[in-house]
Amino acid sequence: TNAGIKTVVITGDHISTAKAVASELGLVAENEKILSGEKLDEMNDEDFGRIVEDVKVYARTSPHHKLRVIDALQKRGHVVAMTGDGVNDAPALKKADIGVAMGITGTDVSKESSDMILTDDNFASIVAAVEEGRNIFKNIRNFITYGLAIHIAEVLIVLATMLAGLPLPLIAIQILWINLVTDGLPPLTLSLEPPDEGIMHQHPRHKSEGIITNRVLLYSGLIGVLITLQALILFLWHISDLLRAQSIVFTLVVVSSMFNALNWRSEKRSIFKLKPFSNPPLWYAITATLLLQLAVLYTPLQSAFHTTSLTSLDWVWIILFSATTLIAGESMKYIEAKREKPNKRHIAQKPSLAT
Numbered sequence: 017t018n019a020g021i022k023t024v025v026i027t028g029d030h031i032s033t034a035k036a037v038a039s040e041l042g043l044v045a046e047n048e049k050i051l052s053g054e055k056l057d058e059m060n061d062e063d064f065g066r067i068v069e070d071v072k073v074y075a076r077t078s079p080h081h082k083l084r085v086i087d088a089l090q091k092r093g094h095v096v097a098m099t100g101d102g103v104n105d106a107p108a109l110k111k112a113d114i115g116v117a118m119g120i121t122g123t124d125v126s127k128e129s130s131d132m133i134l135t136d137d138n139f140a141s142i143v144a145a146v147e148e149g150r151n152i153f154k155n156i157r158n159f160i161t162y163g164l165a166i167h168i169a170e171v172l173i174v175l176a177t178m179l180a181g182l183p184l185p186l187i188a189i190q191i192l193w194i195n196l197v198t199d200g201l202p203p204l205t206l207s208l209e210p211p212d213e214g215i216m217h218q219h220p221r222h223k224s225e226g227i228i229t230n231r232v233l234l235y236s237g238l239i240g241v242l243i244t245l246q247a248l249i250l251f252l253w254h255i256s257d258l259l260r261a262q263s264i265v266f267t268l269v270v271v272s273s274m275f276n277a278l279n280w281r282s283e284k285r286s287i288f289k290l291k292p293f294s295n296p297p298l299w300y301a302i303t304a305t306l307l308l309q310l311a312v313l314y315t316p317l318q319s320a321f322h323t324t325s326l327t328s329l330d331w332v333w334i335i336l337f338s339a340t341t342l343i344a345g346e347s348m349k350y351i352e353a354k355r356e357k358p359n360k361r362h363i364a365q366k367p368s369l370a371t
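Just so you know, the sequence shown maps onto residues 17 to 371 in my numbering.
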């Protein structure tokens, strides 16, 4: 229930048997109503639709009753997962959004009609699959948000200086290098981030919600604009020495990207609430990226990338400016958490249901 998943039992067993099993599992209270297939036949679709979300146990049912329950739930916007093992479960497994057959006791017909097969026949495996699915979706969204911010910044930096009639802060080979190192290892390792604590206490997203949402675009845009401002300030500050100014901007974008990678270890949780080394590959990727950046700033790759060596003071300013990327990410998460907290008790979301 905390995960927004409601379990509904639909069985052909007698009402007393169904109630005893459901009570033992903690699905129903003593005085809770159980609907029989006979009673269901007496109800029209409109009447049944009004109570379908409140019924947790159906007894003495036939295959067509299962289809009717699934159809009623789907019409009310629920995502329905159906588990079954027999031949008579096949129509319902096919009708459900996600059909889950038993791998050990399931019939061949039920397996062919399903989308997934539980190889261990363990219902708890569904919960583990949901958690893994949520984490995969979260990580994909996070590394897309991370990448969008960097590309927005690159475009804005070049566009702003072109419109102002200034020399370019980044030349073509430097932009290609930024894309190579920031789109390489860091986003790949972000996909290895473990699930957030409490991920199974979140309500499921709506099935029509895509990976790229208004929130993703807003966060990417804000971080992209911030990195642009960082770059333009340092560029204009050092423009009297163009090669040095370009080297500073070039390095700043890479370092800011690494801070942004830390931002997107979690979509909503502060990085300071995460275990620092729960994703070691990310730290390896950040270290490798920074070492590669050092290689193009100093000999022997310096001439190929049109860079010059940076002073200790240059590095101090680069780190101070780029660190605001992490501060901004933390601030946005904090503001969003404050805005969501008062509304949590008042927002009613439709849970997914496993039947």
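Backbone N, C-alpha and C define an ideal beta-carbon position, used for all residues, glycine too.
Query	Result
Cβ distance (whole Å) where residue 295 is taken to contact residue 345 below 8 Å	Actually they do not touch by this definition, with Cβ atoms about 16 Å apart.
Three-state secondary structure assigned by DSSP to residue 240	helix
Top-ranked residue by Cα proximity to residue 380, from 136, 45 and 66	Not covered by the structure: residue 380. The range shown for the chain is 17 to 371.
Backbone CA spacing between residue 33 and residue 287 [nearest angstrom]	49 Å
Beta-carbon contacts of residue 68 that lie in its chain and below 8 Å, excluding the five residues immediately before and after	85, 88, 89 and 92
Sequence-distant residues of the same chain with beta carbon closer than 7 Å to residue 236, five excluded per side	161, 164, 165 and 168
Within 8 Å, strictly: CB atoms of residue 285 and residue 212	yes
Cut-off 8 Å between Cβ atoms - residues of its own chain near residue 208, not counting five sequence neighbours on either side	155, 295, 297 and 298
Burial state of residue 179 (16 or more Cβ within 10 Å)	exposed
Residue 108, enclosing alpha helix (DSSP H) - first and last residue	106-111
Nearest-angstrom beta carbon gap, residue 301 and residue 198 [assumed within contact, 8 Å]	Between residue 301 and residue 198 the Cβ distance is about 10 Å, and since that is not below 8 Å, they are no contact.
Distance CB(residue 265)-CB(residue 309) smaller than 8 Å	no
Within 8 Å, strictly: CB atoms of residue 77 and residue 28	yes
Three or more C-beta pairs below 8 Å linking the segment 144-154 and the segment 212-224	yes
Length at least 4, wholly inside the segment 264-346: the alpha helix (DSSP H) runs in chain order	296-313
Per DSSP, cross-strand counterpart(s) of residue 26	74
Check whether residue 275 and residue 342 have beta carbons under 8 Å apart	yes
Coil, strand or helix - residue 216 by DSSP	helix
Assigned secondary structure, residue 32 (DSSP; H/G/I helix, E/B strand, else coil)	helix
Selected residue, minimal CA-CA separation from residue 223, among 30, 23, 94 and 63	94
Same chain, Cβ closer than 8 Å to residue 189, five either side skipped, listed in chain order	320, 321 and 322
Residue 104 versus residue 79: straight-line alpha-carbon distance, rounded	6 Å
Spatial neighbours of residue 175 in its chain, beta-carbon cut-off 8 Å, leaving aside the 5 residues before and after	none
Length at least 4, wholly inside the segment 97-184: the alpha helix (DSSP H) runs in chain order	106-111, 124-129 and 140-179
Residue 189 - DSSP class collapsed to helix/strand/coil	helix
Residue(s) in a DSSP beta bridge with residue 51	74
Selection from 255, 62, 173 and 283 that minimises the alpha carbon distance to residue 242	173
Three-way DSSP call (helix, strand, coil) for residue 21 in this model	strand
Assigned secondary structure, residue 356 (DSSP; H/G/I helix, E/B strand, else coil)	helix
Residue range of the unbroken alpha helix (DSSP H) whose run includes residue 80	79-91
Min CB distance residue 58 to chain B below 8 Å	The structure shown contains no chain B, having only a single protein chain.
Beta-carbon proximity check, residue 50 vs residue 35, cutoff 8 Å	yes
Residue 221: first and last residue of the uninterrupted alpha helix (DSSP H) it sits in	It is not in any alpha helix (DSSP H) - residue 221 carries neither H nor E in the DSSP assignment.
C-alpha distance - residue 318 paired with residue 219, whole-angstrom precision	51 Å
Residues near residue 326 in its chain [Cβ-Cβ closer than 8 Å; skip 5 each side]	260, 263, 264, 267, 313 and 334
Beta-carbon spacing of residue 101, residue 118 below 8 Å	yes
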